[in-house]
Amino acid sequence: MNVAFLAVEAEPFIKVGGLGDVAGSLPPALRNFSDDVRLILPLHGAIREQGLLLNDAGSFPLVHKGISENVRIFSYNHRGAMVYFIDSPFIRADLPVYSRDDVEDGWRYGLFSLAALTFLQKLDWHVDILHANDWHTSLAVYALAKTRHAIPVFSQTKSVLSVHNLPYSGSDASYILEEFDLPKSDQLLIPEWSRNAHLPLGLAAADQIVAVSPTYAREILTSEFGSGYERFLRSRGSSVSGILNGINYESWDPSNDPYILNRYDLHTLDIRKQNRDALQRSLGLAVDPDAMLIGLISRMDYQKGIDLLPEALYQMLMIPDQPAFHWQLVVLGTGDQKIEREISQLEQDFPSKVRVSLRFDQRLSHQIYASADLLLIPSRYEPCGLTQMIGMRYGCVPLARATGGLLDTICDDDAGDQRNGFLFREATSEALLETIIRVSKYFGRKKIWKNIQHNGMQANFSWDVSAGQYHQLFMELIERKVGN
Ligand code: ADP
């Protein structure tokens, strides 16, 4: 089966967030099911600078309203798999993957999507499945649906749109539709204010919509999580489903991680302490074996619920410092400046307990996963979430809000000794604090704590499981007639 996989970031070429992890890992995992998956990415400036040996795979004009954009295609063989990079002035190689200008990003990725579809039409390779991801590549799905009746090579092509984050719908794309003589959306169940934004166009046109966890697939049918699209999504019935993301077991492997000092696995978990000591030392924190080292690795965004933390920590000060309840906090993240300021304030207020690094730092992230006792993920909503799965693989126990993929992966239940983490329900500082206190009771009991770590480390979050489900879905879609 031939799958064209469209995304705007993918490891190892470029990664800004979770989408980069997914787009880097799912295509190779699908290849294990003998799918020929070809990844199509914009040729970002940061990729150009890597000096990859790219092959010139031709060029063509992308014409709109008399303007001709020159599109160049470069191919690259990545571990035996084909990757295509699309280059054109509209990609704006001078900008980061996500600039602060929504309209500019809407234009560059709208045109990237249409250029990718045009390229696939010209390629001597039949596309069975067009797999788009998030708003950035949604226009390819929409344009496919609107034009496939007239393009014989696409007459049997089915589309899948994976939704990694529903509220990020992209800017209004009406002017792009006009430029390319595409009709506007006639999907009346999608609110008018966003009917012609990128993501809703893709939602309206995709043969299958895949949310990145089963719980998120159910949540987006409700007004709380549906971003206004819930009525439409409910109308799609079984064409909306959920498949949990996995994590890349090669890049996230504590027994073979180049970024950490002391490698370990399930059987040598005690070695992990040495990483903890080293991290505490390098950050200037007391090397205290009794302190619960709490880690937080996250985009600084309202979604992530990080603003619940300061209040919880200030209240924690009121609690007498029992032996099992010394704590230290290490934060790594960038994003919203207000949240960054609030979190930095914690370091000022608790200089002996808190360290905050406001940057993107792959190495430090690995070191925190391999050292911290607890990983905080207080998200207000979380389509899938990768950090809890990475944490568990590294023996770093997650404490998370019970939502989306966090609920699908974390078991906060003593029954049968299955607990691999801790969950709280209300998105409040009080609920977070209560749970931290609950965790501290377990942390003090070393054998039980180790068992919780073991449960997480033994779970299978590899891509094989998810890729099998995507493959199955692709097979079913291919059987389905276009339009059904
Ligand atoms: P999202 O995609 O919503 O940001 P996910 O949990 O799905 O959240 O994925 C986040 C990914 O980005 C994880 O691999 C995490 O380790 C990584 N990450 C987040 N912030 C940073 C940072 N500041 N430095 C390094 N890695 C980070």
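In the working numbering, the protein residues as written are 406 to 889. Note that CB positions come from ideal geometry on N, CA and C, so glycine has one too.
- DSSP places residue 455 in the coil class of the three-state scheme, outside both helix and strand.
- The C-beta of residue 648 has 16 or more other C-beta atoms within 10 Å across all chains shown, which makes the residue buried.
- Taking the Cα positions, residue 756 is about 13 Å away from residue 685.
- In this structure, residue 502 sits near residue 449, with a CB-CB distance shorter than 8 Å.
- Taking the Cβ atoms as the reference, residue 738 lies roughly 6 Å from residue 702, within the contact range of under 8 Å.
- Within the region 562-641, the complete alpha helix (DSSP H) segments at least 4 residues long are 579-584, 603-610, 619-624, 635-640, listed from N- to C-terminus.
- Under the criterion of beta carbons closer than 8 Å, residue 478 and residue 491 qualify as touching, at roughly 6 Å.
- Rounded to whole angstroms, the gap between the alpha carbons of residue 575 and residue 542 is 10 Å.
- Here residue 617 is buried, its C-beta having at least 16 other C-beta atoms within 10 Å.
- With contacts defined as CB atoms closer than 8 Å, residue 486 and residue 553 fail to qualify as a contacting pair.
- Among the bridge pairs identified by DSSP, residue 732 is matched with 697.
- Per DSSP, residue 760 is one residue of the beta strand (DSSP E) stretching across 759-762.
- When 861, 581, 796, 668 are compared, the shortest CA-CA separation from residue 510 is found for 581.
- DSSP places residue 421 in the coil class of the three-state scheme, outside both helix and strand.
- With fewer than three CB-CB distances shorter than 8 Å, the region 626-643 does not count as touching the region 838-851.
- Restricting attention to 452, 461, 558, the CA atom closest to the CA of residue 407 is found in 558.
- Relative to the ligand ADP, the nearest heavy atom lies less than 7 Å away from the CB of residue 702.
- Exclusion of the five residues before and after residue 422 leaves 414, 704 as the residues of its chain whose Cβ lies within less than 8 Å of its Cβ.
- Listed as beta-bridge partners of residue 844 by DSSP are no residues whatsoever.
- Beta-carbon to beta-carbon, residue 659 and residue 799 are separated by about 5 Å, close enough to satisfy the 8 Å threshold.
- For secondary structure counted as the beta strand (DSSP E) over 3 or more consecutive residues, the region 792-851 holds these complete runs in sequence order: 802-806, 827-829.
- Under the DSSP assignment, residue 751 falls in the alpha helix (DSSP H) whose first and last residues are 742-754.
- Short note on residue 662: C-beta not closer than 7 Å to any heavy atom of the ligand ADP.
- Around the Cβ of residue 612, a 10 Å sphere holds 16 or more other Cβ atoms; the residue is buried.
- A contact is defined here as three or more CB-CB pairs under 8 Å, and the region 589-601 fails this definition with respect to the region 781-792.
- Proximity of the beta carbon of residue 809 to the ligand ADP is not indicated: no heavy atom of the ligand is located closer than 7 Å.
- In terms of Cβ geometry, residue 779 and residue 697 form a close pair [threshold 8 Å].
- Contact check for residue 671 against residue 859 passes: the beta carbons are separated by less than 8 Å.
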